[in-house]
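Quick note: the sequence shown uses full-length UniProt numbering, first residue 1, plus one each step. First the structure, in the form of structure tokens, and then the observations on it.
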Amino acid sequence: MIGGSFVRGVSGGERKRVCTGNEIIINPSLLFLDEPTSGLDSTTALRIVQMLQDIAEAGKTVVTTIHQPSSRLFHKFDKLILLGKGSLLYFGKASEAMTYFQSIGCSPLISMNPAEFLLDLANGNINDVSLPSELEDKVQMGNAEAETLNGKPSPAVVHEYLVEAYETRVAETEKKRLMVPIPIDEALKTKVCSHKRQWGASWDEQYSILFWRGSKNGA
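Given below as structure tokens:
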């Protein structure tokens, strides 16, 4: 028994796994999951993500939100969308995220889980993050809006810089790439265009059955 607000049933982690399995069992071509690993221990979370990776490799599309993933979980992601205050900070291959942020002058000062570093940037936590010289120059020039109490740029200024960097360095390139038409095999195109769906019953038969059922319910 799953249980609910008034009846005790399975634990929270078990309930989450049941909900995930309930979505997977219908074999959807597109699967959305909201924090499927939250509240689970590291071993179970790894199994869940591994299963989702297997589903993706089988030709399905899996989109999931996830908070504070471990390093092992992070390296299983194919593509990553990093949001900060509703703005896009990065979209691309997860394996290239660290290289991108290093290219714009942001890198961890200590050994850090890549996911933890990215979340720190998105949340404006820059205590252990190396920042580009242009932001440091704003602090040295005495820009009140750019400076915080610890002598570093404010989270708002860092956020603005990250959004601008993405829009100028990545967004335009991605837009151009998406606008390029994908070549379609002519044989496949002909097969798709000529495909006609066959129904088990004709329109007249369906109408007669539905009309009879409606009349019976009305009686």
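By construction, the Cβ of each residue, glycine as well, lies at the ideal position given by its N, Cα and C atoms. Keep in mind the model is a prediction, meaning the values are calculated, not measured.
*Euclidean distance between Cα positions of S29 and K60*: Reading the sequence shown from its first residue, position 29 is the one you call residue 29. Reading the sequence shown from its first residue, position 60 is the one you call residue 60. Spanning the two alpha carbons is a distance of roughly 5 Å.
*asked:* Taking the straight line between their C-alpha atoms, what separation do you get for P69 and K176?
replied: One-based indexing of the sequence shown puts residue 69 at position 69. One-based indexing of the sequence shown puts residue 176 at position 176. P69 and K176: Cα-Cα distance of roughly 31 Å.
_Whole angstroms are fine: how far does the CA of G84 sit from the CA of E23?_
The residue labelled residue 23 in the question sits at position 23 within the sequence shown. The residue labelled residue 84 in the question sits at position 84 within the sequence shown. Approximately 28 Å, taken between the alpha carbons.
*Apart from the five residues on each side of it in sequence, which residues of its chain come closer than 6 Å, Cβ to Cβ, to I81?*
Translated into the one-based positions of the sequence shown, residue 81 becomes position 81. Closer than 6 Å at the Cβ level, and outside the excluded window around I81, lie F91.
*Taking all protein chains shown into account, decide if K79 is buried (16 or more other Cβ within 10 angstroms of its Cβ) or exposed.*
By 1-based counting over the sequence shown, the position of residue 79 is 79. Exposed: under 16 other Cβ atoms inside 10 Å.
*asked:* Measuring straight from C-alpha to C-alpha, what distance separates A156 and A97?
replied: On the sequence shown, residue 156 is found 156 positions in, with the first residue counted as 1. On the sequence shown, residue 97 is found 97 positions in, with the first residue counted as 1. Their backbone Cα atoms lie some 21 Å apart in a straight line.
_Taking only three categories from DSSP, how would you classify P69?_
Here residue 69 refers to the residue found at position 69 of the sequence shown. P69 falls in the coil class under three-state DSSP.
*So L89 and V158 are in contact, right, with Cβ under 8 Å, and what is the actual spacing, rounded?*
What you label residue 89 is simply residue 89 of the sequence shown in a count that begins at 1. What you label residue 158 is simply residue 158 of the sequence shown in a count that begins at 1. About 10 Å; that fails the 8 Å criterion.
_Three-state secondary structure assigned by DSSP to S133_ = The residue given as residue 133 occupies position 133 in the sequence shown. Residue state, collapsed to three classes: helix.
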